[in-house]
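Residue numbers (the numbering used here), protein chains in the order written: chain A, 1 to 520; chain B, 1 to 83. From the three backbone atoms N, C-alpha and C, an ideal C-beta is built for every residue, glycine too. As the structure is a computational prediction, the values presented were derived from the model and not from experiment.
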């Protein structure tokens, strides 16, 4: 039996570093764990081949018994192109992963076999059924999988190099943010791997030369006790490495507790250096509206500072277009982020993914648009409540331009640098760091005159501080500027305006193909 | 350009970067002992490049990790170019 597993290319995004391969030197940011996990679940008697569409070409004419395709919502366009191309050549196509699980009706016309839910049990079942010539058109996992039963991903099937490695320690999140599809797909009861397994998976990436790993949890610190156990094991392991690993993850801001800083101290000691946090908005009414209760804090900016004082740099995920948002909200977002000192910021419009409580509410209120959304940053499937669609677009565009103005970016770097602890080790670990910084400097030279001095100014602010997070911030900034230009929404003159021009005509974005290559 | 002149330039540069008096900059000490980060080391090689008007590898501070070693290497390169 010959099986091909495919990870489709991502649409352009702030977080996939799609625009800066001249800096990273690799075509993709990190591997999709679905592929090596399915590979580990596939018996060695099966002839298995894996392709990452972002990194390598796919031969659509090769003969396969089954083509398996995974993907997130950000991969759907390319997912369908690949599926349709193989099916037109008579191949049997199976589609699974988060998007297929959340939007089965949309995916169904493109697949012969649909996998809904986690695949640790259904994939082996399908292989047995297929071997017996009696496979079904749908495999559905309804009960949450015990992560301790999930096999260690088989990294041997990855044929490309990536910027960072990726390890998942848990799935699910106990919170109930109205717009979140993770809890729809993976549930609110968080499941964990054993700490020793997590370390074994980190070791796999270390053995392959990776020195940075993303802990791909939905909310790493939701269960503080388990997070502490895992971080303790990682810290112990990292202490014995000649070249230690650094980590990034996703967590919620309620990790910051004045009376209990032990977990943050442990995270920092284990090597956690960057954390994506869904801050969403400083607008309390908006946070209440979408049930983001974990963000209802005395001061979000102080909480961010608590992480950054320990060397854990916060990457702030922000959302515009809540029902409680008004024309004032964009300026409030900007002022909040400048004060908080988070150089890495993403802003996207509120969207209601399929299956979420938000989608149900909007349907009942008659405010869900039928138009498919391909870009989650500047498109929304929601009719806003207190803003017109033009106001939401112009406000979000202004906010993105304002945040990625070089001087405003540097101001956030300055605030961050002031709060970071002194570096414990300033020794350049390898000459590869020299090449990385050279490529960063060259990339900024190519951005234009107002950008050339940004890295130098930022490095000067970081005197005596660890510069790894700064390198990431500069890479993110470069990627963001190039992306906004490709989308046709980079308008530096907006930075001079203290408020958005809400009456500006909504120009169609440049025909930014959501996917960069379309070889079918 | 002599090795001594390059040493003096590097002493002044590091003195300015670290806010330490030039007299306290030991040319035998590794750059890292002055707290020079990888980013600063690359910017340093770029600034040297502009001053000397010659191509300098960004890994200079890794391969020649003290003021004396870097200056000797660069002086040698300049001499070879002028030969």
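* Asked: Straight-line CA distance for residue 65 of chain A to residue 91 of chain A?
  -> 7 Å
* Inter-residue Cα distance where the pair is residue 426 of chain A and residue 260 of chain A -> The pLDDT assigned to residue 426 of chain A is 45, lower than 50, so where the model puts this residue is not dependable; a value taken from the coordinates is nonetheless given after this. So the two alpha carbons sit approximately 29 Å from each other.
* Contact under 7 Å by Cβ, residue 247 of chain A with residue 272 of chain A -> yes
* Using a threshold of 6 Å, is the CB atom of residue 321 of chain A nearer than that to any non-hydrogen atom of the ligand FAD? -> Within the structure as shown, the ligand FAD is missing, as the structure has no ligands at all.
* Close-in-space but distant-in-sequence residues of the same chain around residue 252 of chain A (CB under 6 Å, 5 per side omitted) -> 219 and 294
* In whole angstroms, what separates the C-alpha of residue 428 of chain A from that of residue 448 of chain A? -> Confidence in residue 428 of chain A is poor, its pLDDT being 45 and thus under 50, which makes the residue's placement unreliable; the coordinate value appears in the next sentence. When rounded, the distance between both Cα atoms is 29 Å.
* Expressed to the nearest angstrom, what Euclidean distance is found between the alpha-carbon atoms of residue 6 of chain B and residue 70 of chain B? -> 9 Å
* Compare the beta carbon distance of residue 392 of chain A and residue 321 of chain A with 7 Å and say whether it is the shorter of the two. => yes
* Asked: Smallest Cα separation from residue 487 of chain A: which of A/456, A/493, A/397 and A/498?
  -> Restricting attention to A/456, A/493, A/397 and A/498, the CA atom closest to the CA of residue 487 of chain A is found in A/397.
* Cα-Cα separation between residue 22 of chain B and residue 325 of chain A, rounded to whole angstroms -> 56 Å
* **Simplified DSSP assignment, three categories, for residue 76 of chain A** => helix
* Taking C-beta pairs closer than 7 Å, name the residues in chain B that residue 311 of chain A reaches, listed in chain order. => What residue 311 of chain A touches in chain B: nothing, since even the nearest Cβ is about 14 Å away.
* Do residue 197 of chain A and residue 144 of chain A have their CB atoms nearer than 7 Å? -> no
* Asked: Using the beta-carbon of each residue, which ones in chain B are nearer than 9 Å to residue 459 of chain A?
  -> 37, 39, 40, 42 and 43
* Which residues in chain A sit within 7 Å of residue 21 of chain B, going by Cβ to Cβ distance? -> Those do not exist, as residue 21 of chain B stays about 17 Å from chain A at its closest Cβ, beyond 7 Å.
* So residue 226 of chain A is in the alpha helix (DSSP H); what residue range does that whole segment cover? -> 224-239
* **Sequence-distant residues of the same chain with beta carbon closer than 8 Å to residue 232 of chain A, five excluded per side** => 195, 266 and 270
* To do: Could you give the DSSP three-state label for residue 47 of chain A: helix, strand or coil?
  => strand
* Cβ-based burial, residue 11 of chain B [other Cβ within 10 Å; buried from 16] -> Buried, by the Cβ-count rule.
* Asked: Got a sec, what are the start and stop residues for the alpha helix (DSSP H) residue 182 of chain A sits in?
  -> 182-186
* Asked: If we cut at 7 Å on Cβ distances, does residue 59 of chain B have a partner in chain A?
  -> yes
* Pull up the CB-CB distance for residue 17 of chain A and residue 163 of chain A, whole angstroms please, since I reckon it's below 8 Å. => 7 Å
* Can you tell me the Cα-Cα spacing of residue 26 of chain A and residue 24 of chain B, whole angstroms? -> 42 Å
* Asked: Which class does residue 191 of chain A belong to by DSSP, given the choice of helix, strand or coil?
  -> strand
* Which chain B residues are close to residue 441 of chain A, counting only those with a beta carbon under 8 Å from its beta carbon? -> 42, 43 and 46
* On a CA-only basis, which of A/482, A/479, A/436 and A/492 is nearest residue 40 of chain B? Give me that one, please. => A/436
* **For residue 245 of chain A, the residue or residues it bridges with in DSSP** => According to DSSP, residue 245 of chain A shares a beta bridge with no other residue.
* To do: Note down, in chain order, each residue of its chain lying with its Cβ closer than 6 Å to the Cβ of residue 441 of chain A, except the 5 sequence neighbours on either side.
  => 455
* Asked: What is the rounded straight-line gap between the Cα of residue 303 of chain A and the Cα of residue 187 of chain A?
  -> 27 Å
* **Residues that residue 464 of chain A contacts on chain B, provided the C-beta gap is smaller than 7 Å** => 35
* Can you find a CB in chain B that lies within less than 7 Å of the CB of residue 456 of chain A? -> yes
* Helix, strand or coil for residue 168 of chain A, going by three-state DSSP, please let me know. => coil
* Three-state secondary structure (DSSP) at residue 542 of chain A? -> With chain A covering 1 to 520 only, the question about residue 542 of chain A has no answer from this structure.
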